[in-house]
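K.L.:
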Amino acid sequence: MYGAWATERFAREDKLRGFDHYRKAMLPTEPRKPQTPREVLAAFEGIRASGVPMTIRRVAR
3 MYGAWATERF AREDKLRGFD HYRKAMLPTE PRKPQTPREV LAAFEGIRAS GVPMTIRRVA
63 R
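Count along the sequence shown starting at 1, add 2, and that's the number in the working numbering.
#1: Is residue 32 helix, strand or coil by DSSP?
#2: Please return the same chain residues whose Cβ sits closer than 6 Å to the Cβ of residue 47, not counting the five positions on each side in sequence.
#3: When you compare only the Cα positions, how much space is there between residue 11 and residue 5?
Rendered as structure tokens:
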């Protein structure tokens, strides 16, 4: 999906600029924080809800 977006964005440019110009739009402005266990669980439950067969279980440390 990102590759298609980037290809279309560059195809619409008349003249390409230096990488620094595009880097600001492509990279996050603030550092990413690690996901919490609840966020990870919610992401996997969303994947499972879309029809991907999987078993989610808690593993003791």
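We put the beta carbon where it would ideally sit given N, CA and C, even for glycine.
P.N.:
According to the structure data:
#1: coil
#2: none
#3: 10 Å
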